Structure formats: structure tokens, C-alpha cells
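Everything on this sheet refers to the single structure shown next.
Residue numbers (the working numbering): 8 to 323.
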């Protein structure tokens, strides 16, 4: 059944959400500017299109979210009954939020496939992500076609729970599989192990924000049913996906610099090639050539070569 509207748990948290979203949106725009400034001539058109699509969806969501808050606080100022009505902008913005999550999750899904060459693992992640998007769009379709009161959103709490559970499964699967595949790729050499450890930590850190958002949303839906406190977290989730994607892309040179600094103090020559197309993240070891379409680590041990050269010089 529908629940009574409370100003603090609706408009109050919605206003907080707009402030947080604007802060994260600004950070995302700066990351996007940095990306295109540095990688526009290095990355393939597919990656650049992905970044552009995510930023466009991000901008559209902020616009619709702001329009909803403006309608409640400015257009209908002094009209408390307006708060009980459902502003369609508040639901339309979820279309773009869901698409951002879908695109970013499939970016990582493709990286899982590139590392594992397993359709089963990548397919599982893809299906959970698609399921989350489908249930979200079902929620949007039902609300826009049938509901006119804000309180009626509580009637679809079960759908919201399913959407968030699938999102949690997808995010955790991405983080776990990436860490597992990177861990499995270790060769035992100290330098490459250090590099992979950095990548593992980085993968874990970028997977945490979106997973926490889904978990907190689920807790709020179950812990305080009949309220709209979860709006504060849920509408901010798209910004976290955007920033995690851009941080992942923009960190490539940082990781490579860390590798280059180690080269001066080791007798093992190795190279980390972080690609023009980071959608393909392949790790190759022991004498393979670095590629331009995947993360590859090449290890060339020159110990035997160097010793043979020394012997030739002595004999001469």
C-alpha cells in the first residue's frame, strides 16, 4: 500500500542527492576533459565513443534530476500538495542512470573475457547486468504509465530490491573475477608480481564505490520501508560508475610510470604495454611481444645472454 509523504524523507534527501550528484558530475567532467586531452589520439574510436556516451547520459540524468527538484521547490513553492504528486522527471532520469551502469559494467565484462577467454564468465556478468537494466526499465515503464502519486513508488519496492541485488551480483562478480584473473597471471618474478599487485588493488578500489551504493540502497529499502531515503544513494550511483570508468582509463600512464621506475634497479627487463584500446585487457608473459590492443606484460631475462657475452670477451 502507498505510504504517507514526509518532507524530510523525500524532498530533503532529494535535495542532498542533487548536491552530491553535482559534485561528482563536476569530477567526472574534469576526468573526461583530462581523458580526451591525453588519450584522444591514442585510444580507438570505440573507447572514445564509450566515454562520450557515458558523459552524455550523465549530463542528461543531472538535467532531469535538477528539473524535478526545481519543480518541487520553485515552480510549486508554497504548494505542499505538489509534493504528493510524482514528477515524471524524477523517473526519466533513471533511464540514463541504468544505461551508465550497463555500459560501464560491460566495459569490465569485455576485459574479463579478454583476460580469461571464457564466454561463461563474461556471459554471467553480462546477464546479471542486463537483468538489472531490464528490471529497472520495467520499474520505469510501470511508474510512468500507471502512477501519478509519489507515495505509489513504494508499491514497487520488490522490483527495486531485485534491481539492486542483480547490480550487486554484477559488481561483485566483476571485482572478484578481475582480481582472480590478475592473481592467476602472476609468474613469480618480483617486478611483475608488484605490478599485478598494484592492478589488483586498483581493481578493488574502483569496484568498491558502486558495490557499496547498491548495498546501502538495498539496506535502506529493507531497513526503512515506506520511505524514500534510498533516493539519496540510488540517484548518485551513476556518478560513481562514470568516475570509476574514467579513473580506470586515466590511470594507465600512472601504472606505467611505476613500472618504469623499477627498471633502473633490476636486471630483469620487462615492459608493460597499456593499450590504445583498453577494452581488451590481455596479459601475456615470457617472451611475447607487447600488443597495442591489450594490457600485456613482457618479461625478457637477459641473465644467460649477459653471462655468455662475458665468457666470449674473456676467451678473446
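We treat Cβ as the ideally placed atom computed from N, Cα and C, and that holds for glycine.
Note that the structure is predicted; figures quoted are calculated from it, not measured.
For the alpha helix (DSSP H) containing residue i, list its first residue and its last residue.
i: residue 109; result: 95-123
i: residue 141; result: 126-153
i: residue 39; result: 20-46
i: residue 254; result: 244-257
i: residue 69; result: 52-77
i: residue 174; result: 164-191
i: residue 238; result: 237-241
Leaving aside the five residues before and after residue i along the sequence, list all residues of the same chain whose C-beta is less than 7 Å from its C-beta, in chain order.
i: residue 109; result: 136 and 140
i: residue 23; result: 239
i: residue 191; result: none
i: residue 133; result: 113 and 116
i: residue 38; result: 250, 253, 254 and 257
i: residue 128; result: 119 and 184
i: residue 166; result: 142, 145 and 146
i: residue 20; result: 235, 236, 238 and 239
i: residue 28; result: 69, 72, 242, 243 and 246
i: residue 173; result: 135, 138, 139 and 142
i: residue 216; result: 247 and 251
Just checking: is the beta-carbon of residue i within a distance shorter than 8 Å of some beta-carbon in chain D?
i: residue 65; result: Checking the listed chains, one finds no chain D in this structure; it contains a single protein chain.
On a CA-only basis, which of the options is nearest residue i? Give me that one, please.
i: residue 171; options: 223, 261, 37 and 118; result: 223
i: residue 206; options: 145, 183 and 28; result: 183
i: residue 212; options: 50, 200, 179 and 236; result: 179
i: residue 208; options: 221, 185 and 226; result: 185
i: residue 250; options: 36, 188 and 19; result: 36
i: residue 89; options: 167, 156 and 101; result: 156
i: residue 247; options: 33, 18 and 124; result: 33
i: residue 91; options: 167, 215, 173 and 161; result: 161
i: residue 61; options: 166, 42, 154 and 214; result: 42
i: residue 101; options: 17, 130 and 148; result: 148
i: residue 17; options: 204, 87 and 152; result: 87
i: residue 78; options: 96, 46 and 124; result: 96
Using a 10 Å radius around the Cβ and a threshold of 16 neighbouring Cβ atoms, would you call residue i buried or exposed?
i: residue 261; result: exposed
i: residue 177; result: buried
i: residue 26; result: exposed
i: residue 98; result: buried
i: residue 243; result: buried
i: residue 158; result: buried
i: residue 94; result: buried
i: residue 236; result: buried
i: residue 201; result: exposed
i: residue 75; result: buried
i: residue 30; result: exposed
i: residue 63; result: exposed
i: residue 56; result: exposed
i: residue 214; result: buried
Beta-carbon within less than 6 Å of residue i's beta-carbon, same chain only, minus the 5 sequence neighbours each way: which residues are those?
i: residue 115; result: 181
i: residue 245; result: 68, 104 and 107
i: residue 168; result: 228
i: residue 2; result: Since the first residue shown for the chain is 8 and the last is 323, residue 2 is missing from the structure and cannot be characterised.
What does a CB cutoff of less than 8 Å around residue i pick up in its chain, not counting 5 residues either side in sequence?
i: residue 316; result: With a pLDDT of 44 at residue 316, under the threshold of 50, the predicted position of this residue should be treated as unreliable, though the coordinate-derived value follows. Nothing listed; no residue qualifies.
i: residue 210; result: 182, 185, 186 and 189
i: residue 175; result: 218, 221, 222 and 225
i: residue 150; result: 93, 98, 159, 160 and 163
i: residue 318; result: For residue 318, the predicted model reports a pLDDT of 45, less than 50, meaning its position is unreliable and no value from the coordinates is stated.
i: residue 58; result: 39, 42, 43, 252, 253 and 256
**Study point:** Any 3 or more C-beta pairs closer than 8 Å across the segment 62-82 and the segment 143-150
**Key:** no
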